[in-house]
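Colleague: Chains as they are written, first to last, in the numbering used here: chain A, 26 to 350; chain B, 26 to 350; chain C, 339 to 596; chain D, 339 to 596.
All residues carry an ideal CB built from backbone N, CA and C; glycine is no exception.
Source: prediction; values computed, not measured.
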């Protein structure tokens, strides 16, 4: 049997992965969705290294987005939704930053952002869409005219065009493709060569990874390639699209990772409190980011009792009966 | 636990499914790809009932397409590839029908057809594409001007447009969405409510089903819904998109069905011979279609020895060592 | 004897009752989730609850607290992704009913879930559209949840996130929408619907114990109160299901009746 | 001592040698499959073989006879679908090399796999583009397989299925293509390449025992023969791998050497 993608191992520390593949000013796609599979270990590493001026792109993002905004790493966002379910109907640091004029935001809908990533993944310049007509998404630009067409900012937010295939005159919206510099993904399984398996909902993680120039994957378990190849129908990304594999158990904490652990309601409630003010949030960063240079340090800070409390039941995939108030 | 999609069972015979859901003149999307997972039981039922004037749409199709063309059920085709691998580099009846002017064909590429089905699945009017410029796919129409804009035939085969998001003037091709009347899918597993699981490559079957107004699924096994819901990550279609579930063991024969059986080289070689002339092909239809009103009759005609010969090995998913000459 | 119940309980049930059996129910966060779950368990057992994240028909043994909660991935018929979910939302062959909350609404059911004040420097920033604009554009119909007060029921939205009936009458059709639009607004006071011709909001149902005048005073635009009927109070079965099966921890229901 | 080998063996090896280690190899049916498989097993072990059907990096314990053969789904790193495969084919970060066959080719490497004669009533109908047009448009580079005769190497194609260098020179870039184009044509006589400036086909390698004159006589257009070098014959290792590992049943290799 021939060697598979033989190649060198892509396993590296979060520090090495972030240091090598993320730079000031990059456009970064955040995987996950609100309270699930946020790439938190990677986000904390970005915050710790003080990376600046990031341009975040996501559909609906909660915890990773809010931490990066709160830590001052982010200059611009293109997004459909910044919230964390019942734990933060609007993301806390995000809200404050927007209200204080410290963040440039361009709003789309979830379907629109999904189509924009899909266009990037398929190497297409744009996608048509019938969602968004007569809304202010079409009217209000988040980025000024001086930025239009610069770097990765498209010359138009969206364009109204004629549908050439309709029998009656009909309009269609065209949405520009997204091709992020980097996509961050947290997965349940990866092998050293970069093969990735996500369990549960994949959201838009796969399209984001396929649209990006570089991909960093953190994972709960590093498993042998042979294990993943026993049932390739279940795999999510091929190795040649992945640049770094970071072993990060509980790497989505305090958000959930299906079949491994639930979201951590205590931490998320505590976060809501701490994120409410600049001073208290600095305290949060000191304790949970600065003082925890490694994932091991972070998990020690969380503590065994809380990790056990949120551990997933193998049948349900979450922690049944968890106190989620 | 609440009842799931409670509903009535969608299980019915191939005859009932085809009789209820496919009509003369329908646009029918064929699932599978050349030698794998062709919906052969359903195709034979269509041929047996003498359904006429079908408008087939597919990317790359082999056996089901050729049988339907040979049986005289088809008036038009939109397709990228009519072949069956090494068993028929060009589909036999298809080639003869085109050369004799008995079939209207509009040619696209596989990526183009894929994008057209994707557009239909996403309820979008068209898709942009960068593949096809400077080719005769763009130049030669298969359907005449009198048909353009009639029924499901788009007013243009494709349209060259400006990319409004490019900094330099750049062109893009626009491809019209496909929304077939019916999609035919052969799957490994389905439950009575219409939940579907395909193992191995899905090709474009899922987009075709999501783009269609009606969906008929034939399957190797009908399994309890509870079995499929044990690992929903592996499922392929939700029940509310499926109209009929037809139990058809070896329902893709003589093409393959991953993990169940390989393609049948003897039958495919025999088919190549028989399909070579109108008379011999009439003999093939008499023996394998007309004389076999049920799938049981058909399998009896194939014979136990040939069925055993192509049975898949559980690890490989095909029949290792099968004589494929 | 009258049963005690809360406004949230009444709201979830009033909305859930509008689902037809067999509908495909698209649920957002919060009360939307309760309404879809209670509909599935009582009024419309053959309906399918699905989420924009791609979870389709979960068992809902426990109530999800977000549309990406692992509880929307458990026991489903299919775990897919956003693209599949939005292709279902707008599918021509499906009667998809969307349950949504919003921050502001106007007389024609257009909604705002983006911001209050100037878009570039808002007084209050909300999470943004999420799937709200998509549901308002693509679903067969939308049922909205609102707290009823004059800051939320406004003459003019600060930002139009999701198009309802636009300026009323034929405006939505003329703007190119093929279907959809809001069918009802469920608040803590009653249920509003939209006039068939003018598409203007009117009071359709008043909850027991609420006076029409309260609705008028809580609404920042002119509302027709003349067609209001009394809403049926929750039945014993409805309350039992809601409290014991759907949200026993009262995560979204909130405090029990006094 | 000279090893005996067939033309098909020489063709598969000549093409396979052009793959760089680490390339992403997009394989069609027939000789393409042999070339990609042999490259992976000898010249470029860290390459990935994938198929337009969505099978990525199968073990190839047995040779597939079509791109949808279950043998392309076995032991892969990922089983996906056509959309994923074509997104890989054109991905800006990947060096994807496509191996393709065709029915006709012209002096600038444009190919026909659709028909001979009038499109509407062809004298001979072929299967059609399949992924050929897409590979010619989107791949980093394409290696073509042809039988060398004047009916196939023609001045003017009956139908242009896949764009090569178009009219030569800058024509391809001017037509808007961002990358790609044919890098070589491997036939039963030798290997043709394309002039860097004019993009016109020239004879680059002659197989042992073949005279340049044979190429001229088998080509329906003017071909530059002056740059032809001798191709290295197959090595013992190459032949052993091809015969014992890649295609032991000789399904595509055909009859063994006399």
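(1) Would DSSP call residue 354 (chain C) helix, strand or coil?
(2) According to DSSP, is residue 530 (chain C) helix, strand or coil?
(3) Tell me the rounded alpha-carbon separation between residue 31 (chain B) and residue 221 (chain B).
(4) With three or more beta-carbon pairs closer than 8 Å as the criterion, would you say the region 167–174 of chain B touches the region 227–237 of chain B?
(5) Please say whether residue 87 (chain A) and residue 59 (chain A) have beta carbons closer to each other than 8 Å?
(6) Give a yes or no on whether 8 Å exceeds the smallest Cβ distance from residue 159 (chain A) to chain C.
(7) In chain order, what residues of the region 396–424 of chain C put their CB closer than 9 Å to some CB of chain B?
(8) Using 8 Å as the threshold, is the C-beta distance between residue 134 (chain A) and residue 472 (chain C) below it?
(9) Along the region 268–286 of chain A, where does the CB come closer than 7 Å to a CB of chain C? Name the residues.
(10) Per DSSP, which one or two residues make a beta bridge with residue 568 (chain D)?
(11) Can you list the beta strand (DSSP E) stretches of 3 or more residues lying completely in the region 26–81 of chain B, in chain order?
(12) Please classify residue 272 (chain A): does DSSP put it in a helix, a strand, or coil?
(13) Hey, quick one: how far does the alpha helix (DSSP H) through residue 471 (chain C) stretch, first residue to last?
(14) Rounded to a whole number of angstroms, what is the C-alpha to C-alpha distance between residue 327 (chain A) and residue 414 (chain C)?
(15) To be precise: take each residue of the region 152–186 of chain B, compare its Cβ to all Cβ atoms of chain A, and keep it if any distance is under 8 Å. Which residues remain?
(16) Tell me, please, whether the CB atom of residue 386 (chain C) is closer than 8 Å to any CB atom in chain B?
(17) Starting from residue 306 (chain B) and walking both ways along the alpha helix (DSSP H), at which residues does that stretch end?
(18) Would you kindly check if the distance between the Cβ of residue 595 (chain D) and the Cβ of residue 344 (chain D) is under 8 Å?
(19) Determine, using beta carbons only, whether residue 352 (chain C) and residue 365 (chain C) come nearer to each other than 8 Å.
(20) For residue 85 (chain B), which three-state DSSP category applies?
(21) With a threshold of 8 Å between beta-carbons, can residue 137 (chain B) be considered close to chain A, or not?
(22) Would you mind stating whether residue 84 (chain A) and residue 106 (chain A) have Cβ atoms separated by less than 8 Å?
(23) What did DSSP end up calling residue 331 (chain B) once you bin it into helix, strand or coil?
(24) Measure the C-alpha to C-alpha separation of residue 195 (chain B) and residue 186 (chain B) and round it to an integer number of angstroms.
(25) Could you pull the DSSP bridge partners for residue 291 (chain A) from this structure?
(26) List, in chain order, every chain C residue whose beta-carbon is nearer than 8 Å to that of residue 124 (chain A).
(27) Let me check understanding here. Comparing Cα to Cα, which of C:389, C:358, C:416 lies closest to residue 253 (chain B)?
(28) Determine the burial state of residue 28 (chain A): buried for a count of at least 16 other Cβ atoms within 10 Å of its Cβ, exposed for fewer.
(29) DSSP state of residue 381 (chain A), grouped into three classes?
(30) Quick check on this structure: which residue in A:178, A:302, A:270, A:332 has the alpha carbon closest to the alpha carbon of residue 122 (chain A)?
(31) Rounded to a whole number of angstroms, what is the C-alpha to C-alpha distance between residue 593 (chain D) and residue 143 (chain B)?
(32) Residues of chain A with CB under 7 Å from residue 190 (chain B), in chain order?
(33) Which same chain residues, not among the five before or five after residue 306 (chain B), have their C-beta less than 7 Å away from its C-beta?
(34) Using the beta-carbon count (16 or more within 10 Å), is residue 312 (chain B) buried or exposed?
(35) Quick one: which chain C residues come within Cβ less than 7 Å of residue 146 (chain B)?
(36) Report the neighbours of residue 431 (chain C) on chain B: residues whose CB is nearer than 7 Å to its CB, in chain order.
Modeller: In this structure, then:
(1) Looking up residue 354 (chain C) in the third chain gives position 16. Helix.
(2) The count along the third chain starts at 1 and reaches residue 530 (chain C) at position 192. In the three-state reduction of the DSSP assignment, residue 530 (chain C) falls in the strand class.
(3) Translated into the one-based positions of the second chain, residue 31 (chain B) becomes position 6. Translated into the one-based positions of the second chain, residue 221 (chain B) becomes position 196. Low confidence applies here, because residue 31 (chain B) scores a pLDDT of 48, under 50, leaving its location unreliable and the question unanswered by this model.
(4) no
(5) Position 34 of the first chain, counting from 1, holds the residue named residue 59 (chain A). Position 62 of the first chain, counting from 1, holds the residue named residue 87 (chain A). Yes, Cβ-Cβ distance for residue 59 (chain A) and residue 87 (chain A) is below 8 Å.
(6) Locating residue 159 (chain A) in the first chain gives position 134, where the first residue counts as 1. Yes, residue 159 (chain A) lies at the interface with chain C (some Cβ there is under 8 Å from its Cβ).
(7) So the list reads 396, 397, 398, 399, 411, 412, 413, 414, 415, 416, 417, 418, 421, 422, 424, given in the order they occur along the chain.
(8) On the first chain, residue 134 (chain A) is found 109 positions in, with the first residue counted as 1. On the third chain, residue 472 (chain C) is found 134 positions in, with the first residue counted as 1. Closer than 8 Å, so yes.
(9) 281, 283
(10) The residue labelled residue 568 (chain D) in the question sits at position 230 within the fourth chain. Residue 568 (chain D) is bridged to D:544.
(11) 52–55
(12) As a first step, residue 272 (chain A) is located in the first chain; it is residue number 247 there, counting from the start. Residue state, collapsed to three classes: strand.
(13) Stepping through the third chain from its first residue, residue 471 (chain C) is reached at position 133. Judged by DSSP secondary structure, residue 471 (chain C) falls within the alpha helix (DSSP H) whose first and last residues are 470–476.
(14) Position 302 of the first chain, counted from the start, is the residue given in the question as residue 327 (chain A). Position 76 of the third chain, counted from the start, is the residue given in the question as residue 414 (chain C). One C-alpha to the other measures close to 31 Å.
(15) With the criterion set as a beta carbon lying under 8 Å from some beta carbon of chain A, the members of the region 152–186 of chain B are 152, 153, 154, 155, 174, 179, 180, 181, 184, 186, in sequence order.
(16) Here residue 386 (chain C) is taken as the residue at index 48 of the third chain, counted from 1. Using a Cβ-Cβ cut-off of 8 Å, residue 386 (chain C) counts as an interface residue toward chain B, since at least one Cβ of chain B sits closer than that to its own.
(17) Numbered from 1 along the second chain, position 281 holds the residue referred to as residue 306 (chain B). Where residue 306 (chain B) is concerned, the enclosing alpha helix (DSSP H) stretches over 303–310.
(18) Position 6 of the fourth chain, counting from 1, holds the residue named residue 344 (chain D). Position 257 of the fourth chain, counting from 1, holds the residue named residue 595 (chain D). A contact, by the Cβ cut-off of 8 Å.
(19) Position 14 of the third chain, counting from 1, holds the residue named residue 352 (chain C). Position 27 of the third chain, counting from 1, holds the residue named residue 365 (chain C). No, the pair does not count as a contact, with Cβ atoms beyond the cut-off.
(20) Here the question's residue 85 (chain B) lines up with position 60 in the second chain. Three-state DSSP puts residue 85 (chain B) in a strand.
(21) For the purposes of this step, residue 137 (chain B) is identified with residue 112 of the second chain, where counting begins at 1. Chain A, which has no Cβ nearer than 8 Å to the Cβ of residue 137 (chain B), makes this no.
(22) For the purposes of this step, residue 84 (chain A) is taken as the residue at position 59 of the first chain. For the purposes of this step, residue 106 (chain A) is taken as the residue at position 81 of the first chain. In contact: residue 84 (chain A) and residue 106 (chain A) (Cβ atoms closer than 8 Å).
(23) For the purposes of this step, residue 331 (chain B) is taken as the residue at position 306 of the second chain. Residue state, collapsed to three classes: helix.
(24) Taking the second chain and counting its residues from 1, the one referred to as residue 195 (chain B) is at position 170. Taking the second chain and counting its residues from 1, the one referred to as residue 186 (chain B) is at position 161. If you take the alpha carbons of residue 195 (chain B) and residue 186 (chain B), they lie about 9 Å apart.
(25) In the first chain, residue 291 (chain A) corresponds to position 266, counting from 1. Its beta-bridge partners do not exist; DSSP assigns none.
(26) Start at 1 with the first residue of the first chain, and residue 124 (chain A) comes out as number 99. Here the neighbours are 459, 460, 461, 462, 463.
(27) Residue 253 (chain B) sits at position 228 when you count from the first residue of the second chain. Per the Cα distances, C:416.
(28) By one-based count along the first chain, residue 28 (chain A) stands at place 3. Low per-residue confidence applies at residue 28 (chain A): pLDDT is 40, beneath 50, and the placement is therefore not dependable enough to give any value.
(29) Residue 381 (chain A) cannot be examined here, being either before or after the span of chain A that is shown, 26 to 350.
(30) Your numbering for residue 122 (chain A) matches position 97 in the first chain. Residue 122 (chain A) has its Cα closest to that of A:302, out of A:178, A:302, A:270, A:332.
(31) Numbered from 1 along the fourth chain, position 255 holds the residue referred to as residue 593 (chain D). Numbered from 1 along the second chain, position 118 holds the residue referred to as residue 143 (chain B). Those two C-alpha atoms are separated by around 43 Å.
(32) Stepping through the second chain from its first residue, residue 190 (chain B) is reached at position 165. Within chain A, the residues near residue 190 (chain B) are 150, 151, 179, 180, 181, 201.
(33) The residue given as residue 306 (chain B) occupies position 281 in the second chain. If we look at residue 306 (chain B) and ignore the five residues flanking it on each side, its Cβ neighbours are 95, 118, 299, 300.
(34) Taking the second chain and counting its residues from 1, one reaches residue 312 (chain B) at position 287. Taking all protein chains in view, the Cβ of residue 312 (chain B) is surrounded by fewer than 16 other Cβ atoms within 10 Å, so the residue is classified as exposed.
(35) Reading the second chain from its first residue, position 121 is the one you call residue 146 (chain B). Near residue 146 (chain B) (Cβ distances below 7 Å), the residues of chain C are 425.
(36) Counted from its first residue, the third chain places residue 431 (chain C) at position 93. Simply 238.
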